[in-house]
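Single-structure report; data block below.
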Amino acid sequence: MKAMILAAGKGERMRPLTNQIPKPLLDVAGKPLIVWHLEKLAQANFKEVIIN
266 MKAMILAAGK GERMRPLTNQ IPKPLLDVAG KPLIVWHLEK LAQANFKEVI IN
């Protein structure tokens, strides 16, 4: 199965956290936000992931 993560955007609602780092790379409980998504998709047996 394939999945798409919509990671584009400026992250304006998360400022000042996103002033220096993109939203997908923000640390949440010790891991970048996007890693949480990728791990959950892997657990759900997604084999391909497209990140835009």
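Sequential numbering from 266 applies to the sequence shown in our numbering. Idealized CB from N, CA, C, for every residue including glycine. Keep in mind the model is a prediction, meaning the values are calculated, not measured.
(message) Mapping the DSSP letters down to three states, classify Ala268 as helix, strand or coil.
(response) Numbered from 1 along the sequence shown, position 3 holds the residue referred to as residue 268. Of the three classes helix, strand and coil, the one that applies to Ala268 here is strand, per DSSP.
(request) Using only the heavy atoms of the ligand HEM, determine whether one of them is closer than 6 Å to the beta carbon of Gln285. (result) Because no ligand of any kind appears in the structure shown, any question about the ligand HEM cannot be addressed here.
(request) Give every residue of the same chain whose Cβ lies closer than 8 Å to the Cβ of Met279, excluding the five residues on either side of it in the sequence, and list them in chain order. (result) Numbered from 1 along the sequence shown, position 14 holds the residue referred to as residue 279. Taken in chain order, the residues that qualify are Lys288, Leu291.
(request) Could you check which residue in Ile316, Ile270, Gln285 has the C-alpha nearest to that of Gly276? (result) Translated into the one-based positions of the sequence shown, residue 276 becomes position 11. Gly276 has its Cα closest to that of Gln285, out of Ile316, Ile270, Gln285.
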